[in-house]
Amino acid sequence: MAIEQKWPAVAPQAFTADGGAQGQITVADVRGFKVKQFVVIKATGQPDIRVQVKRVVKKTGKIIVGPPQDQQTQGKAGLQTRTDLTAYTLLAGAFLYAEEQDKVRVKKDDQDAATYEQEPTVARRVVAVDQFGDFYDDDNRVPVKFDGGITVGNVTIQDDDGDELEVNPDGSINVNIINSTGSNVVKNTYAEASAVPSGVETTIVTYMVPLILTSALLQRVSASGENVGRFQVFVNGVVVDTRRTYYGGDFNTYFEFATSSADGYSLAPGDIVLVKILHDRAFSGSFQARIQALEIA
Numbered sequence: 010m011a012i013e014q015k016w017p018a019v020a021p022q023a024f025t026a027d028g029g030a031q032g033q034i035t036v037a038d039v040r041g042f043k044v045k046q047f048v049v050i051k052a053t054g055q056p057d058i059r060v061q062v063k064r065v066v067k068k069t070g071k072i073i074v075g076p077p078q079d080q081q082t083q084g085k086a087g088l089q090t091r092t093d094l095t096a097y098t099l100l101a102g103a104f105l106y107a108e109e110q111d112k113v114r115v116k117k118d119d120q121d122a123a124t125y126e127q128e129p130t131v132a133r134r135v136v137a138v139d140q141f142g143d144f145y146d147d148d149n150r151v152p153v154k155f156d157g158g159i160t161v162g163n164v165t166i167q168d169d170d171g172d173e174l175e176v177n178p179d180g181s182i183n184v185n186i187i188n189s190t191g192s193n194v195v196k197n198t199y200a201e202a203s204a205v206p207s208g209v210e211t212t213i214v215t216y217m218v219p220l221i222l223t224s225a226l227l228q229r230v231s232a233s234g235e236n237v238g239r240f241q242v243f244v245n246g247v248v249v250d251t252r253r254t255y256y257g258g259d260f261n262t263y264f265e266f267a268t269s270s271a272d273g274y275s276l277a278p279g280d281i282v283l284v285k286i287l288h289d290r291a292f293s294g295s296f297q298a299r300i301q302a303l304e305i306a
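Note that the numbering used here gives residue 219 to position 210 of the sequence shown, counting from 1, and the numbers run on in steps of one.
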């Protein structure tokens with residue numbers, strides 16, 4: 010009987026915004042507050058006031074209050090009166106609460122109207138609403154709690170042509186990974202240096218990262234020549250790697266900057282990459298080199 014006859018008390022709720030001139034109160038949770046319910050508002054330095062709830066707005070967390078209805082303000086006019094709450098601020102620690110109180114009795118005609126679905130359905134309400142009286146829809150979903158488990162049988166995955174994904178006996182699948190770089194471009198720069206004299210460090214090939222790019226990755230360098238010698242890769246004048254060729258070995262050498270853990274040596278717009286050769290043979294020789302870089306737009 011207590012539930013049927015009484016509204017339960019609502020614990021104090023602190024304001025989350027300053028009170029409004031038209032009776033606006035903003036709180037974190039409006040549950041428990043009802044239209045025509047009496048609430049008490051308190052704040053440091055301000056008198057306690059007892060007002061009546063005129064409207065509860067669920068989605069914004071707002072409660073609109075005003076002076077209690079009396080014999081002169083019954084009906085629509087009474088619900089539209091408001092109380093100025095601008096003096097009840099966050100700084101003053103404003104809050105409100107509701108004591109346990111008798112429910113407001115709804116007239117029989119109003120009860121009928123409250124259960125009547127308006128046009129175009131024109132029927133008694135047969136749909137569920139939440140505790141705030143709002144319909145359940147895509148934006149206001151029915152809360153559901155599920156503690157059980159779901160068992161699903163074999164599931165096959167098919168492409169648009171109906172071909173099924175083949176799963177290996179160990180549960181793995183075979184995949185073909187394609188590195189998609191969008192508008193990124195792999196740039197190869199090749200050059201030769203002829204008649205390179207002994208003991209003179211000579212540039213074979215040069216690459217500069219275009220200024221219009223975001224960045225670039227130096228992936229690899231290949232070099233070779235007629236004589237054995239020392240090949241070095243420079244970035245902005247600093248040596249980043251060195252390789253040597255020798256008699257009895259391969260006259261070709263490679264610099265690998267792309268590894269399993271890195272996509273390459275990072276370059277910024279305007280960076281300059283050089284490949285240089287230095288040999289000590291008595292006669293001159295010709296040398297070749299190629300720089301491969303991934304240009305990132």
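Built from N, CA and C at the ideal position, the CB exists for glycine as well.
Quick caveat: nothing in here was measured; it's all calculated off a predicted structure.
beta-carbon residue i near the ligand ATP non-hydrogen atom, thresh 6 angstroms
i           : result
residue 208 : Judged by which ligands are present, the structure shown has none, so any question about the ligand ATP falls away.
Counted within 10 angstroms of its Cβ, other Cβ atoms place residue i as buried (16 or more) or exposed
i           : result
residue 226 : buried
residue 255 : exposed
residue 167 : exposed
residue 127 : exposed
residue 176 : exposed
residue 286 : buried
residue 221 : exposed
residue 216 : buried
residue 95  : exposed
residue 281 : exposed
residue 50  : buried
residue 204 : exposed
residue 37  : exposed
residue 68  : exposed
residue 132 : exposed
residue 120 : exposed
Cβ-Cβ distance between residue i and residue j below 7 angstroms
i           : j           : result
residue 242 : residue 264 : yes
residue 92  : residue 27  : no
residue 290 : residue 207 : yes
residue 262 : residue 232 : yes
residue 229 : residue 239 : no
residue 192 : residue 277 : no
residue 18  : residue 52  : no
residue 347 : residue 137 : The question about residue 347 has no answer here: the residues shown for the chain are numbered 10 through 306.
Euclidean distance between Cα positions of residue i and residue j
i           : j           : result
residue 279 : residue 153 : 59 angstroms
residue 139 : residue 13  : 18 angstroms
residue 80  : residue 89  : Residue placement at residue 80 is flagged as unreliable, the pLDDT there being 42, under the threshold of 50; the coordinate-derived value follows with that caveat. Cα to Cα, the separation comes out at about 15 angstroms.
residue 259 : residue 305 : 33 angstroms
residue 78  : residue 65  : 17 angstroms
residue 183 : residue 174 : 9 angstroms
residue 288 : residue 202 : 13 angstroms
residue 61  : residue 122 : 23 angstroms
residue 113 : residue 158 : 45 angstroms
residue 10  : residue 110 : For residue 10, the predicted model reports a pLDDT of 46, less than 50, meaning its position is unreliable and no value from the coordinates is stated.
residue 302 : residue 171 : 40 angstroms
residue 39  : residue 74  : 13 angstroms
residue 72  : residue 130 : 30 angstroms
residue 295 : residue 235 : 6 angstroms
residue 54  : residue 105 : 15 angstroms
residue 293 : residue 214 : 18 angstroms
residue 149 : residue 31  : 28 angstroms
residue 164 : residue 178 : 15 angstroms
residue 21  : residue 107 : 8 angstroms
residue 156 : residue 162 : 20 angstroms
residue 42  : residue 141 : 9 angstroms
residue 246 : residue 283 : 8 angstroms
Range of the contiguous beta strand (DSSP E) that encloses residue i
i           : result
residue 120 : Taken as a continuous stretch (DSSP letters only), residue 120 belongs to no beta strand (DSSP E), being part of the alpha helix (DSSP H) at 117 to 123.
residue 46  : No beta strand (DSSP E) contains residue 46, which DSSP labels as neither H nor E.
residue 240 : 239 to 244
residue 216 : 211 to 217
residue 35  : 33 to 35
residue 64  : 55 to 66
residue 105 : 104 to 107
residue 265 : 261 to 265
residue 249 : 247 to 253
residue 275 : 274 to 276
residue 201 : 194 to 205
residue 94  : Neither: residue 94 is in no beta strand (DSSP E) and is coded neither H nor E.
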